[in-house]
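>
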Amino acid sequence: MFSLALTDGMPVAIQAWMWIGFRRTGMTMSKMLREAWRAVSSGARRSAGHVAGTPERDAALSPIALPVDGHKFSDFLALSQFLTEKSDLDPAVATRAFLALTEADEAFEGHANRLLAAIQDGRLADMDGFDSFMAAHPALRSTAMRIISAWYLGYTGTPAPLDTEDDARFVAYESALMFRPTADATAVPSYTRGRTDYWRHPPASLATD
1 MFSLALTDGM
11 PVAIQAWMWI
21 GFRRTGMTMS
31 KMLREAWRAV
41 SSGARRSAGH
51 VAGTPERDAA
61 LSPIALPVDG
71 HKFSDFLALS
81 QFLTEKSDLD
91 PAVATRAFLA
101 LTEADEAFEG
111 HANRLLAAIQ
121 DGRLADMDGF
131 DSFMAAHPAL
141 RSTAMRIISA
151 WYLGYTGTPA
161 PLDTEDDARF
171 VAYESALMFR
181 PTADATAVPS
191 YTRGRTDYWR
201 HPPASLATD
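All letters in the sequence shown, in the order written, are residues 1 to 209 by the UniProt record's numbering.
1) For Tyr155, does the three-state DSSP call read helix, strand or coil?
2) Quick one, are the C-beta atoms of residue 298 and Gly154 less than 7 Å apart?
3) Quick check: Arg96 and Val188, are their CB atoms within less than 7 Å of each other?
4) Taking C-alpha atoms, which residue in Lys86, Phe82, Leu77 lies nearest to Pro181?
5) What does the Cβ neighbour count give for Tyr173, buried or exposed, with the cut at 16 atoms within 10 Å?
6) So, helix, strand or coil for Leu124, using DSSP?
7) Does the CB of Met145 have a neighbour CB from chain D at under 7 Å?
8) Any idea what DSSP makes of Arg195, helix, strand or coil?
9) Measuring alpha carbon to alpha carbon, tell me which residue in Asp75, Gly70, Ser80 is nearest Ile147.
10) For residue 216, tell me which candidate among Leu83, Phe82, Ala92, Phe98 has the shortest Cα-Cα distance.
11) With a cut-off of 8 Å, do at least 3 Cβ pairs link the stretch 114 to 121 to the stretch 134 to 144?
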């Protein structure tokens, strides 16, 4: 993806994210490399005994140990599971999301705690009642949407295509929830799978395309 030696050994998905960010968001190369290597740096320290696809390997490939209090993390993970209606959220991604959100807003933790308390006090059973719940707690909507967006988009903040700096922070690429609805039919995109404008022509058949 990149010809720079600094990206050697970096997963294709991360390189793809860097390329998109560099071309579309205007982030500087140094910032792109810093954010990308933050997500994969611990992979260089994994032991040779780890087996691909096992929990041990996944743990080894997660980010460097991060200073997140266990109680704070469990509350954030529980809140994320409720808001996304997903019980299998990756703890490593949750850690990155929590840190990115708190780094962007020092008051985020307090907002998240109030949101969780309001959900528990209001006995909100699931997201079916989310709109009416938010109508009663309008001040908490922004916090809920920031958490949901981090999980679905794979980043926090807002990319600024015309600026050299922005407040966007990488959280995940392959694990972004936006890819799940079509996971049975479409691979997570990391490179073009056809010639320019290939998408303009309908597939000949399901068997061949």
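All residues carry an ideal CB built from backbone N, CA and C; glycine is no exception.
In this structure, then:
1) Strand at Tyr155.
2) What the structure shows of the chain is the stretch from 1 to 209, and residue 298 is not part of that stretch, so it cannot be assessed.
3) Between Arg96 and Val188, the CB-CB gap reaches or exceeds 7 Å.
4) From the listed residues Lys86, Phe82, Leu77, the smallest Cα separation to Pro181 is found for Lys86.
5) Burial call: buried.
6) Three-state result, Leu124: coil.
7) Annotation note: the requested chain D is absent from the structure, which comprises a single protein chain.
8) In the structure shown, Arg195 sits in coil (DSSP, three-state: anything other than H, G, I, E or B).
9) Of the listed residues, the one whose Cα sits closest to Ile147 is Ser80.
10) The first residue shown for the chain is 1 and the last is 209, placing residue 216 beyond what the model contains.
11) Counting Cβ pairs under 8 Å, three or more are found: they touch.
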